[in-house]
Amino acid sequence: MTLAPDLTLLKAGNLRGALLMVMAMAGFSIEDMALKSVTAHVPVGEVLILFGLGGLTVFALLTRQRRERIFHPILFTRVMAIRALFEMMGRVFFTLSLALTALSTTSAILQATPLVVAAAGVLIFREKVSPLRWALIALGFVGVLMVLRPGLSGFTPLSILAVLGMIGFAGRDLATRAAPPILSYAQLGVTGFAALIPSGAILLLWGGAWVMPSLVDLAFLSVAVVVGVIAYTGITMAMRMGELSVVTPFRYVRLLFAMILGALVFGERPDAMELAGGAVIVSAGVLLMLSSRRRRAA
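In this note's numbering, the protein residues as written are 45 to 342.
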């Protein structure tokens, strides 16, 4: 008698989760666009410091509002230190890629993060991967090569920055999986944004002088912080509200939003090879998730 209401609630949760995921991906794309706009006038290291301070402040306030400890003792464990290092790596190289390459190219390569996580999960967590899933992971990496085009005339060495950023984010996700689940999204947000501050300082020491941002740049940074925090909260709610296998594939709409913003704001025009590579990465990622769902159901 309760089966129909349960199914109705499940479908409603999946629908709300999918909508939240789409909104979160739109938010992350706006965040990327805003940061890329600021890096045209402000050194990347300075952008990371200001962005980190803004996000850290917002998430610290959220943590206090939730009556949680801002710096939980677990944050100082080995696995969380590893997570912070990978967060720094991901953010530094991803932001450099945003500053120096096309928004659409950076976003396309970022979509391969789940594929790297799946492949690394075999080595770190001893997860079993079927031949089909290995084939899909390999197909996704072929898509990355199509976007990068090493050895061809369209190859841009700076695109490697996006690959390094993607590897950093994959390492962060793997470390998060190994971390104790006691930490809330707000506490993780505090550590994530806090990691940007020393990262930016290192970049400034390596090269670049502090400049006074214009009011427009500060406005873009504020947009990036606010929208980024909302998107981060939205993706967390989406993952908890609906089934992972239903909600997670919608994270790939980020590439669509990135291409639209890249064209409208920066005049980017991805060529056929880049579009095809992005499609291959997204297709491989979605099929990988669907195969994982069938494996769990079996």
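Even for Gly, the Cβ is constructed at its ideal location relative to N, Cα and C.
Contact between the stretch 295-303 and the stretch 72-92 (3+ Cβ pairs under 8 Å): yes
C-alpha distance - Ala-164 paired with Arg-127, whole-angstrom precision: 15 Å
Environment of Asp-315 [buried if 16+ CB atoms lie within 10 Å]: exposed
N- and C-terminal bounds of the alpha helix (DSSP H) containing Arg-177: 175-192
Residues near Thr-280 in its chain [Cβ-Cβ closer than 6 Å; skip 5 each side]: Tyr-229
Whether Leu-247 touches Leu-94 by CB criterion (8 Å): no
4-residue-minimum alpha helix (DSSP H) runs that sit fully inside the stretch 193-277, ordered along the chain: 204-222, 229-238, 240-250
N- and C-terminal bounds of the alpha helix (DSSP H) containing Glu-90: 88-109
Extent of the continuous alpha helix (DSSP H) to which Ala-125 belongs: 122-144
Simplified DSSP state of Pro-314, which is helix, strand or coil: coil
Spatial neighbours of Pro-117 in its chain, beta-carbon cut-off 7 Å, leaving aside the 5 residues before and after: none
Arg-110 classed as buried or exposed, judged by whether at least 16 other C-beta atoms fall within 10 angstroms: exposed
Inter-residue CB distance, Arg-60 and Met-317 (contact presumed, cutoff 8 Å): Actually they are not in contact, since the Cβ atoms of Arg-60 and Met-317 sit about 37 Å apart, beyond 8 Å.
C-beta atoms of Val-291 and Ala-56 nearer than 8 Å: no
8 Å CB neighbourhood of Val-82 in its chain, flanking five on each side removed: Val-91, Pro-257, Asp-261, Phe-264, Leu-265, Ala-268
Nearest-angstrom Cβ-Cβ length linking Val-18 and Ile-211, presumed shorter than 8 Å: Given that the chain is displayed from residue 45 to residue 342, the structure contains no residue 18 and the question cannot be resolved.
Leu-154: first and last residue of the uninterrupted alpha helix (DSSP H) it sits in: 147-154
Same chain, Cβ closer than 8 Å to Leu-259, five either side skipped, listed in chain order: none
Ile-114 - DSSP class collapsed to helix/strand/coil: coil
Buried/exposed call for Gly-311, threshold 16 Cβ in 10 Å: exposed
Residue-level contact to chain D via CB, Arg-221, 8 Å cutoff: Checking the listed chains, one finds no chain D in this structure; it contains a single protein chain.
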